[in-house]
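Scroll down for the structure; my scribbles are underneath it.
Residue numbers (my numbering): 3 to 156.
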């Protein structure tokens, strides 16, 4: 279920969830598939660590990153984006599967930072592509929209 749309999404897309959706699992903001270089530092079982990594998904309240360092749920860390000079405090809220020595880790900012990623997030009523065959997106549209033209083969 984790990032189930990544395989067929472009490098920038939207993920509804990285866990099972349900009434107790509502999201405060849309998640955007975006790879951003980040530096993460914290205290691990072997002492202090700093690791250069990247995001898999970002949202207005945190990110899903990959880490080689061992971390635990609730652990406090500092995160710095390559595109933002400020350091952001965060805590580990999700620990996912490990692939080739990298664990997927969900982090949540400890203080609101909606502009940290310098991304305009889609509105809450935006929906991702419903049909795998479609290339566009469905959602609120303003102004004229060009429809695909089907041509018949001679």
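Positions of the beta carbon are idealized from the N, C-alpha and C atoms, including for glycine. Every value quoted in this text rests on a predicted model; they were computed, and no experiment measured them.
- Contact check for residue 97 against residue 73 passes: the beta carbons are separated by less than 8 Å.
- In the structure shown, residue 118 adopts coil according to DSSP, grouped into three states.
- Between residue 49 and residue 94, the alpha-carbon positions lie close to 17 Å from each other.
- Judged by DSSP in its simplified three-state form, residue 112 adopts coil rather than helix or strand.
- Linking residue 109 to residue 68 through their CA atoms gives a straight-line distance of about 10 Å.
- Within the same chain, 39 come within 6 Å of residue 84 by CB-CB distance, once the 5 residues on both sides are set aside.
- In this structure residue 31 touches residue 63 by the C-beta definition: roughly 6 Å separates them, less than 8 Å.
- Relative to residue 81, the option among 57, 106, 102 whose CA is nearest is 57.
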